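Numbering (the working numbering), first residue to last: 7 to 333.
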């Protein structure tokens, strides 16, 4: 059975960079991995693309043929892919038969995951063929620096989870740049675990003191807490520790970690519970907060903050998948 992940998120959240980094990371571990580009507007791919939807249709073709804008053209392209699923399945079959792990790089238009059914239909077709997929939803960690922006991310993540109805891992990306974007009102742990939103409600009402907005803010916070579904992992794509922790979460979500589970192989089951997200958040905040006091580089940015090449992700890497070993 093929395993993989569906990588989604708003524009600028780092999806393409994530796909490139994770493909390098997993291939270096010996896990055969390919990237499938499902974004018809992705004209600059840093990774090696095994299957490309642009061989079927491009955004420019749709816009020119039907006089559509970028948003309408993107919706048309995804619906066209839905109608031509046999083309996609035929392209994927040789890799599925050969045991490859799939990374699907998806469009960034959020309406495709909150209102339109086409991506959901594509996923359902793959699941019927026994593809075991998890959704990796990337959002920029800078949204944590403002209460209203963070609430919008929570609503987007919750709506996407309900719409797609598949295993889901929400991720705060670019966590190493967080301290450059503003001071957090609370610890990073508060944002990753989505704790009591009444504290966040105070900051929302402080910004918009209107009673009417206050009641609306409370209803929104109550809605998110009532579902109790949203939580976040953290990611710095150039940090192998951060990537490895996230991969563990994704592997638990899509079942990859249990793929070889059999009697007497309890080590896999034990490692499924080895990642502590709260400890991960505390560790991430300690490591990246220290960058605030580091010496500045020539361009005024903290040294080592977000400018390391992806190749450094693999330097000195010695990781055994899903076993208790220090990275």
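Just so you know, even glycine gets a beta-carbon here, dropped at the ideal spot from N, CA and C.
Since this is a predicted model, take the numbers as computed values, not measurements.
Item: Distance between residue 89 and residue 257 (C-alpha atoms, nearest Å); Value: 30 Å
Item: Sheet register partners of residue 107 (DSSP bridge); Value: 9, 39
Item: Residue 30 versus residue 74: straight-line alpha-carbon distance, rounded; Value: 36 Å
Item: Contact set for residue 115: own chain, Cβ-Cβ below 6 Å, skip 5 residues either direction; Value: 80
Item: Extent of the continuous alpha helix (DSSP H) to which residue 121 belongs; Value: Taken as a continuous stretch (DSSP letters only), residue 121 belongs to no alpha helix (DSSP H), as it is neither H nor E.
Item: Start-to-end residues for the alpha helix (DSSP H) that takes in residue 66; Value: 65-72
Item: Whole runs of the alpha helix (DSSP H) within the stretch 158-231, excluding any shorter than 4 residues; Value: 194-199, 204-213
Item: Residues near residue 252 by beta carbon distance below 7 Å, same chain, minus five either side; Value: 177, 239, 241
Item: Pairwise C-alpha distance: residue 108 and residue 40; Value: 5 Å
Item: Which of helix, strand or coil DSSP assigns to residue 235; Value: coil
Item: Same chain, Cβ closer than 7 Å to residue 188, five either side skipped, listed in chain order; Value: 151
Item: Collapsed DSSP secondary structure at residue 146 in the structure displayed; Value: strand
Item: Residue 180 to residue 134 span [Cα, whole Å]; Value: 34 Å
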